[in-house]
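> What follows is a structure written as structure tokens; I'll ask about it next.
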Amino acid sequence: MKVLVPGVIPQVFCAAVIFLSQAVTADVLILKNGDRITGEIKQIWDSEITIEPDYSDEFEVDVSAVNHIESDRKFEIELENGRSVVARLNGADADGNQVIQLATESMSVPLAQFFELKEPEDPFDWDSNIELSADVKRGNTDTLNTK
């Protein structure tokens, strides 16, 4: 019978929470042969999905080898018919089509009909900063410096 030191239990619990939280936020490619590639999807372009796993540099996977994608992130998706949407990728439906979750509805689209996929561009967020400094010296002369 093994006895755990009381300080070890919180450490194991914290490590498990950190590991699981990282896995939840990752994108997952489910391949047709059943393999899973977990990482950050960069784009779909020219029938190739670019993904960057934690253990490797980014690489391309042919769309025809992928069954579906699972991700909680929003993407800008342009379909072959010219329609553009911002949606999440929620796995596959019963027919094997990619389910995309729009703001108010979900759609099923064959992954092969994705013309382009990329992360939405963040609107430019202005940031301003004002600093005021004053230095007043009174002595034999009357001087006033302001920056």
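Counting from 1 along the sequence shown, just add 39 to a position and that's the residue number in the numbering used here.
In this text, a Cβ means the ideal position worked out from N, Cα and C, and glycines have one as well.
None of these values were measured; they are calculated from a predicted model.
#1: Just the Cα atoms here: how many angstroms apart are Tyr94 and Gln137?
#2: Between the region 62-82 and the region 93-107, do three or more beta carbon pairs fall short of 8 Å?
#3: Quick check on the burial criterion: 16 or more other C-beta atoms within 10 angstroms. Buried or exposed for Ala142?
#4: Distance, Cα to Cα, Glu155 vs Trp165?
#5: What residue range is occupied by the uninterrupted beta strand (DSSP E) comprising Lys81?
#6: My output table needs one value for Ser103: the three-state DSSP class, helix, strand or coil.
#7: For Ala151, which of helix, strand or coil comes out of DSSP?
#8: Between Ala131 and the rest of its own chain, which residues show a CB-CB distance below 7 Å, the 5 nearest in sequence each way excluded?
#9: What are the partner residues of Lys71, as DSSP defines its beta bridges?
#10: Excluding five sequence neighbours on each side, which residues of the same chain lie with their C-beta closer than 7 Å to the C-beta of Gln61?
#11: With the cut-off set at 8 Å, would you say Arg127 and Arg112 are in Cβ contact?
#12: Between the Cα of Asp85 and the Cα atoms of Phe114, Gln152, Asp66, which residue gives the shortest distance?
#13: Give every residue of the same chain whose Cβ lies closer than 8 Å to the Cβ of Asp134, excluding the five residues on either side of it in the sequence, and list them in chain order.
#14: What are the boundary residues of the beta strand (DSSP E) that includes Gly135?
So, from the listed chains and residues:
#1: Between Tyr94 and Gln137, the C-alpha separation is close to 26 Å.
#2: The region 62-82, when compared against the region 93-107, does touch it at the 8 Å Cβ threshold.
#3: By the Cβ neighbour-count rule, Ala142 is exposed, with fewer than 16 other Cβ atoms within 10 Å of its own.
#4: Approximately 29 Å between the Cα atoms of the pair.
#5: In the DSSP annotation of this structure, the continuous segment of the beta strand (DSSP E) that includes Lys81 starts and ends at 75-84.
#6: Looking at Ser103 - three-state DSSP - the assignment turns out to be helix.
#7: Collapsing the DSSP output to three states places Ala151 in a helix.
#8: Answer for Ala131: Asn106, His107, Gln137, Val138, listed in chain order.
#9: Under the DSSP definition of a beta bridge, Lys71 lacks any partner.
#10: Caution applies to Gln61, whose pLDDT of 48 falls short of 50 and renders its modelled position unreliable; the model cannot decide the point.
#11: Yes, Cβ-Cβ distance for Arg127 and Arg112 is below 8 Å.
#12: It is Gln152 whose Cα lies nearest to the Cα of Asp85.
#13: The residues Ser147, in chain order, have a CB closer than 8 Å to that of Asp134 in the same chain once the five nearest residues on each side in sequence are set aside.
#14: It is not in any beta strand (DSSP E) - Gly135 carries neither H nor E in the DSSP assignment.
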